[in-house]
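Participant:
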Amino acid sequence: MKTVRLQGKTILITGAAGFIGAFLAKKLLEKVRDIKIIGFDSLNDYYDVSLKEARLEMLKAYPGFIFIKGNLADTHQLRQVFREYQPQIVVNLAAQAGVRYSITNPEAYIESNLVGFFNILECCRHAEETGGVVEHLVYASSSSVYGSNKKVPYSVEDKVDNPVSLYAATKKSNELMAHAYSKLYGIPSTGLRFFTVYGPMGRPDMAYFKFTDKILKGETIQIYNHGDMYRDFTYIDDIVTGVINVVEHVPEENEEGVKYKVYNIGNNKLESLMRFVEILEDSLKAEGMITEPAQKEFLPMQQGDVYQTYADVSGLERDFGFRPETRLEDGLREFVKWYKEFYCK
Ligand SMILES: NC(=O)c1ccc[n+]([C@@H]2O[C@H](COP(=O)([O-])OP(=O)(O)OC[C@H]3O[C@@H](n4cnc5c(N)ncnc54)[C@H](O)[C@@H]3O)[C@@H](O)[C@H]2O)c1
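In terms of our numbering, the sequence shown is residues 60 to 404.
(1) If you run the structure through DSSP and keep just helix, strand and coil, what is asparagine 172?
(2) Where in the stretch 64-145 do unbroken runs of the beta strand (DSSP E), each at least 3 residues long, occur, reported from the N-terminal end onward?
(3) What residue from Ala370, Ala132, Thr350, Gly258 has the CA that sits closest to tyrosine 205's CA?
(4) Here's the rule I'm using: 16 or more other beta-carbon atoms within 10 Å means buried, otherwise exposed. How should tyrosine 213 be labelled?
(5) Any heavy atom of ligand 1 inside 7 Å of the beta-carbon of glutamine 367?
(6) Please check the pair lysine 242 and valine 317, which I expect to be a contact at CB under 8 Å, by giving their CB distance rounded to whole angstroms.
(7) Hey, would you say the C-beta of histidine 375 is under 7 Å away from at least one heavy atom of ligand 1?
(8) Report, in whole angstroms, the separation of the C-beta atoms of glycine 175 and leucine 131, which I expect to be a contact under 8 Å.
(9) Rounded to the nearest angstrom, how far is the Cβ of lysine 231 from that of proline 222, given a contact under 8 Å?
(10) By alpha-carbon positions, which one of Pro263, Pro247, Val140, Asp264 ends up nearest to lysine 61?
(11) Is the beta carbon of glutamate 330 closer than 8 Å to that of leucine 387?
(12) Please go through the stretch 229-298 and give each complete alpha helix (DSSP H) segment of 4 or more residues, from N-terminal end onward.
(13) Looking at ligand 3, does it come within less than 7 Å of arginine 382, judged from the CB to the closest heavy atom?
(14) Spatial neighbours of phenylalanine 254 within its chain, please: CB distance less than 6 Å, with the 5 preceding and 5 following residues excluded, ordered by chain position.
(15) Considering only residues of the stretch 309-377, which uninterrupted beta strand (DSSP E) runs meet the minimum length of 3 residues and lie entirely inside it, listed in chain order?
(16) Expressed to the nearest angstrom, what Euclidean distance is found between the alpha-carbon atoms of glutamine 147 and glutamate 187?
(17) Any heavy atom of ligand 1 inside 7 Å of the beta-carbon of isoleucine 79?
(18) Flag this pair as yes or no: are the beta carbons of valine 395 and valine 306 separated by less than 8 Å?
(19) Kindly confirm or deny that the stretch 373-386 and the stretch 273-281 touch, where touching means at least three C-beta pairs closer than 8 Å.
(20) Does the distance from the C-beta atom of tyrosine 168 to that of tyrosine 226 stay below 8 Å?
(21) Report yes if the C-beta of glycine 206 is less than 7 Å from at least one heavy atom of ligand 1; otherwise report no.
(22) Is tyrosine 144 closer than 8 Å to isoleucine 97 when the C-beta atoms are compared?
(23) Got a sec, what are the start and stop residues for the beta strand (DSSP E) serine 201 sits in?
(24) Do aspartate 100 and alanine 153 have their C-beta atoms closer together than 8 Å?
(25) Provide the residue span of the beta strand (DSSP E) that contains valine 149, from first to last.
Shown next, in the form of structure tokens:
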């Protein structure tokens, strides 16, 4: 792999007001001298916009950060951004996320995840015409591409041809589109399959956040598949370290002559849903926010959901000597402390 020095570089991060994008931008601005981060985000209202604004507020403290509000599906605007800033590295994290929302709002996934990603690829392809060159395109895929695969832990060598949600189908499509563009136009690309990312300033649509909201309001929490579900939870700081490792290493041509890689980023630890709820309750108790256990309603599996996610992270270990290690107990405690400060003051 070719190492890229990030110092002095311009990096376009799409989805910069999002959970992962904001913390990635923050870490790069803290760690790398003379780096310029162009943050691009539509600030859509899929979840609480004030949380996205709070993340941007955190980033505005760094002189190397420039924010542009825009939609990936707006070809003209995206071209303009590439022309003006000529990013050498592009990290595409903007997407319509969430499995359950894709049942009721499929159009949002086509617009952001397919049209939007296509526009990113086209801008990378034509960067040279406007005087730039994209040395590395890194983009978010998802553990959801593994669908209902039975073999665990999930390996990037496994077949992933059976998505069980439109969200998963768009993420798998991104990997295929990136492969074609890497092959045709020599754009080096790396896809990252994230596994249930959590932490302070996280996403309000995810279970750990929704459960916290409900428990604190004294409402009943819904436990799907009667609690028989398993997830590989990955703490935000581990994700950011993993992404930076990847960004700094451009894939070499593989045996097919394509500069293309895909990695899992997960904790490589299977946690049961019931254990996760117990840890969350313990954290809320430890912060003095509840005294009684949550009221629980046990329901069948939801459409589009998967029984388990469990990452094989041997690729990360082999190529970067890195593996996520934050324990769920520690990570959830950090989330609860942040939640208390942000919402309960
Ligand atoms: N958080 C996780 O557990 C997880 C797991 C697997 C994959 N991912 C993927 O990682 C990426 C980042 O996830 P996140 O948790 O930070 O999500 P997020 O929703 O917090 O961030 C995504 C950001 O993209 C922006 N956005 C959406 N559509 C856009 C568009 N068309 N143009 C411009 N901006 C747009 C949103 O406003 C949002 O701020 C996403 O691609 C997501 O699918 C996340």
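A virtual CB, placed ideally from N, CA and C, is assigned to each residue, including glycine.
What you are looking at is a predicted structure, and each value in this text was computed from that prediction instead of being measured.
Facilitator: Judging by the given coordinates:
(1) The three-state reading of DSSP puts asparagine 172 in helix, counting H, G and I together.
(2) List check, beta strand (DSSP E) in window: 69-73, 95-100, 124-128.
(3) Closest option to tyrosine 205, Cα to Cα, is Ala370.
(4) Under this definition tyrosine 213 is a buried residue.
(5) The answer is no for glutamine 367.
(6) So it is a contact: roughly 5 Å between Cβ atoms.
(7) Checking the sequence shown, residue 375 turns out to be leucine, not histidine. Residue side-chain check: leucine 375 keeps its Cβ at 7 Å or more from all non-hydrogen atoms of ligand 1.
(8) Rounded, the Cβ-Cβ distance is 3 Å, consistent with contact.
(9) Lysine 231 to proline 222, Cβ: 6 Å. Contact.
(10) When each option's Cα is compared against that of lysine 61, the closest is Pro247.
(11) Contact check for leucine 387 against glutamate 330 passes: the beta carbons are separated by less than 8 Å.
(12) As far as the stretch 229-298 is concerned, its whole alpha helix (DSSP H) runs of at least 4 residues are 266-276.
(13) With respect to ligand 3, the structure shown offers nothing to examine, as its ligands consist of ligand 1.
(14) Excluding sequence neighbours, phenylalanine 254 sits near Ser202, Asp291, Thr293, Gly325, Thr368, Ala370.
(15) Runs of the beta strand (DSSP E) inside the stretch 309-377: 319-324, 355-357.
(16) So the two alpha carbons sit approximately 11 Å from each other.
(17) Yes, ligand 1 has a heavy atom inside 7 Å of this Cβ.
(18) Not in contact: valine 395 and valine 306 (Cβ atoms no closer than 8 Å).
(19) Contact check between the stretch 373-386 and the stretch 273-281: fewer than three CB pairs, one atom from each, fall below 8 Å, which does not count as touching.
(20) A Cβ-Cβ contact shorter than 8 Å links tyrosine 168 with tyrosine 226.
(21) False, no ligand heavy atom lies under 7 Å from that Cβ.
(22) For the pair isoleucine 97 and tyrosine 144, the CB atoms are nearer than the 8 Å cut-off.
(23) Unbroken beta strand (DSSP E) run through serine 201: 195-201.
(24) Taking C-beta atoms as the reference points, aspartate 100 and alanine 153 count as a pair closer than 8 Å.
(25) Looking at the DSSP string, the run of the beta strand (DSSP E) that includes valine 149 is 148-151.
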